[in-house]
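Peer 1: If you scroll down you'll find the structure; I have some questions about it.
Put into structure tokens, the structure is as follows:
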């Protein structure tokens, strides 16, 4: 410690003498001249990097909050553009909407102006509760130059059916108990504890679901599907995607009709289901201890079946240019 | 009973000689009275004392006083009650006001605008560079315009159709980036599509 202090004192003395020499005698020792030169070079090199790394944005947020009365028979229609939508339920007979429209730009006035180009609607028309946002052009046909985004937090009664359309963003659907219809593009869909009649059409947007119960129909293009803890029946039509179903402790009827997709079925409840697997130009892999019967096994088609006369529950999977894997462990 | 010779009696009493008791007398009396035997004697004497019932008017007077007291006591109770009623009224009014306010809020839009600042990474990799290599994709289209038989092959056509799907998605994303700004999520999606397009292009070029 004392050694460090003495070194520090020595450095200070050197620095003092250097500054003194520089001021009074306009000279500097070669040792410090070299140091200063290095520091200047480093500062010059680092300055453009630092300038590039950070940018200060002005964030203007418009928050709109509205509560609407709910009556049995009402349906909520949500139409989002570049929106993150979260829908959850509560016990009140009301629909509560918090919408945040956000504009980000280096210039505050530009962000404020661009925020006005985001129009929105939260209103009722008969039994339809309409909630939407979209981008409009202003009178001078000026386009927005800010980063724009909409965030919805919508709380609905449990028995309220939902119709959701969203382009570019995210949809988080929690604790829903009624009819749900989702159509989206470039939108990640998260389902948690959802029960009811559910229809999902997605393009370029992955679907992730947990604790799902009911009648599910999923049609996807270029989207991955990951589902766990399932009950009920699931009908999946997929194109270009990776489908992963964790069927542990699940009592389901599963039908996957896929094209150019890989399918993984984990931990199936074997005692209760019949299996019918077909892969065109793709492989089928099953656990060795499962008594699958391979009806066809060649380069063009692979077909495997497992029939239990005691049950009518069925897992039917078909794909092309992709593989089917049935496994017991986590992959 | 009245005294007939009161004056004579008074005079005779005044003429009686007076004596001061000795100093220890009171102390001796005190000891004698506080002694246990004396206490017992005293208590038995008290028990033997005659008792007298008070006249009815005494009870009437007491009762009257008590009634008056009750009147005095009832007043604060009423006041307390009034206070409770007042407090309950305030609570009720507040509840009604709250309910009314809540009901009034239903269907009413509340709008608030807030301002904040955010520091972000501003780097070259966010720039619009996705059209730089489009010539390569155009090359395949130009090759097929000549009516080459390779382009008629089913496998080639399947790949071309896939490429068209990806091109359409790419245009959608580019339009979204133009409309909503350079959002990193959109750029990540566009990058994923570019990977797939590149993969397809390589497959197509391999067939040419």
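Protein chains in written order, with the numbering used here: chain A, 184 to 514; chain B, 1062 to 1269. C-beta: ideal position from N, C-alpha, C; glycine also. Predicted model only: the values in this text are computed from it and were never measured.
1) Please list the residues of the stretch 1154 to 1183 of chain B that have a C-beta atom closer than 8 Å to any C-beta atom in chain A, keeping them in chain order.
2) If you follow the alpha helix (DSSP H) that residue 1255(B) is in, where does it begin and where does it stop?
3) Would you mind telling me which residues of chain B sit closer than 9 Å to residue 338(A), beta carbon to beta carbon, in chain order?
4) What are the residues that DSSP puts in a beta bridge with residue 1082(B)?
5) For residue 381(A) versus residue 410(A), is the C-beta distance shorter than 7 Å?
6) Per the contact definition of three or more C-beta pairs closer than 8 Å, is the stretch 362 to 376 of chain A in contact with the stretch 1252 to 1265 of chain B?
7) Are at least three pairs of beta-carbons, each pair with one atom in the stretch 273 to 285 of chain A and one in the stretch 238 to 247 of chain A, less than 8 Å apart?
8) Taking 7 Å as the limit between beta carbons, can you name the residues of its chain near residue 1197(B), skipping five residues before and five after?
9) In angstroms with no decimal places, state the Cα-to-Cα distance between residue 1249(B) and residue 1181(B).
10) How would you list, in chain order, the residues of chain B whose beta-carbon sits under 9 Å from the beta-carbon of residue 242(A)?
11) Consult DSSP for residue 1166(B) and reduce its assignment to one of helix, strand or coil.
12) Taking only the alpha-carbon atoms, compute the straight-line gap between residue 166(A) and residue 444(A) and give it to the nearest angstrom.
13) Quick check: is the beta carbon of residue 1250(B) nearer than 7 Å to any beta carbon in chain A?
14) Roughly how many whole angstroms lie between the Cα atoms of residue 391(A) and residue 310(A)?
15) Between residue 1065(B) and residue 1074(B), what straight-line distance do the alpha-carbon atoms span, to the nearest angstrom?
16) Per the contact definition of three or more C-beta pairs closer than 8 Å, is the stretch 329 to 341 of chain A in contact with the stretch 253 to 273 of chain A?
17) Report the partner residues of residue 301(A) according to the DSSP bridge assignment.
18) Using a Cβ-Cβ distance cut-off of 7 Å, determine whether residue 1236(B) contacts chain A.
19) How would you call residue 1159(B), buried or exposed, if buried means at least 16 neighbouring beta carbons within 10 angstroms?
20) For the beta strand (DSSP E) containing residue 459(A), list its first residue and its last residue.
21) What would DSSP say about residue 482(A), mapped onto helix, strand or coil?
22) Going by DSSP, what residues sit across from residue 379(A) in a beta bridge?
23) Could you check whether residue 510(A) and residue 449(A) sit closer than 7 Å to each other, using their CB atoms as the reference points?
24) I need the DSSP call for residue 343(A), collapsed to helix, strand or coil.
25) Taking Cβ to Cβ, would you say residue 398(A) is nearer than 7 Å to residue 375(A)?
26) So, using beta-carbon positions, are residue 243(A) and residue 294(A) closer together than 7 Å?
27) Can you name the residues of chain A whose CB is closer than 9 Å to the CB of residue 1241(B)?
28) Taking the alpha carbon of residue 379(A) as the point to measure from, which residue in 477(A), 408(A), 344(A), 483(A) has its own alpha carbon closest?
29) Cα separation between residue 1107(B) and residue 1121(B)?
30) Mind checking if residue 356(A) is an interface residue toward chain B, Cβ cutoff 7 Å exclusive?
31) Could you spell out where the alpha helix (DSSP H) holding residue 418(A) opens and where it closes?
32) State the Cα-Cα distance for the pair residue 1175(B) and residue 371(A), rounded to the nearest angstrom.
33) For residue 1268(B), is the classification buried or exposed, using 16 other Cβ atoms within 10 angstroms of its Cβ as the cut-off for buried?
34) Going along the chain, which residues of the stretch 356 to 384 of chain A sit with their C-beta nearer than 8 Å to a C-beta in chain B?
35) Using DSSP with H/G/I as helix, E/B as strand and the rest coil, what is residue 296(A)?
36) Just the chain B side, please: which residues come within less than 8 Å of residue 293(A) by C-beta, in chain order?
Peer 2: Inspection of the coordinates gives the following:
1) Listed in sequence order: 1166, 1167, 1168, 1169, 1170, 1171, 1172, 1173, 1174, 1175, 1176, 1177, 1178, 1179, 1180, 1181, 1182, 1183.
2) Here the alpha helix (DSSP H) through residue 1255(B) covers 1245 to 1268.
3) Those do not exist, as residue 338(A) stays about 14 Å from chain B at its closest Cβ, beyond 9 Å.
4) According to DSSP, residue 1082(B) bridges with nothing at all.
5) no
6) no
7) Yes, since at least three Cβ pairs between the stretch 273 to 285 of chain A and the stretch 238 to 247 of chain A fall closer than 8 Å, the two stretches touch.
8) 1262
9) 16 Å
10) In chain order, 1175, 1176, 1177, 1178, 1179 make up the part of chain B whose C-beta sits under 9 Å from the C-beta of residue 242(A).
11) helix
12) Residue 166(A) lies beyond the range of chain A shown here (184 to 514); nothing can be said about it.
13) For residue 1250(B), the answer is yes, since a Cβ of chain A falls inside 7 Å of its Cβ.
14) 30 Å
15) Cα-Cα distance, rounded: 15 Å.
16) yes
17) 318(A)
18) no
19) exposed
20) Counted as a single uninterrupted DSSP element, the beta strand (DSSP E) harbouring residue 459(A) occupies residues 457 to 463.
21) coil
22) 397(A)
23) yes
24) coil
25) no
26) yes
27) 264, 265, 318, 327, 329, 330, 331, 332, 351
28) 344(A)
29) Distance between residue 1107(B) and residue 1121(B), taken at the CA atoms: about 28 Å.
30) no
31) Residue 418(A) -> not in any alpha helix (DSSP H); beta strand (DSSP E) instead, spanning 408 to 429.
32) 28 Å
33) exposed
34) 368, 369
35) Shown here, residue 296(A) sits in a helix according to DSSP, grouped into three states.
36) Ordered by position in chain B, no residue passes the 8 Å Cβ test against residue 293(A), which lies about 11 Å from the chain.
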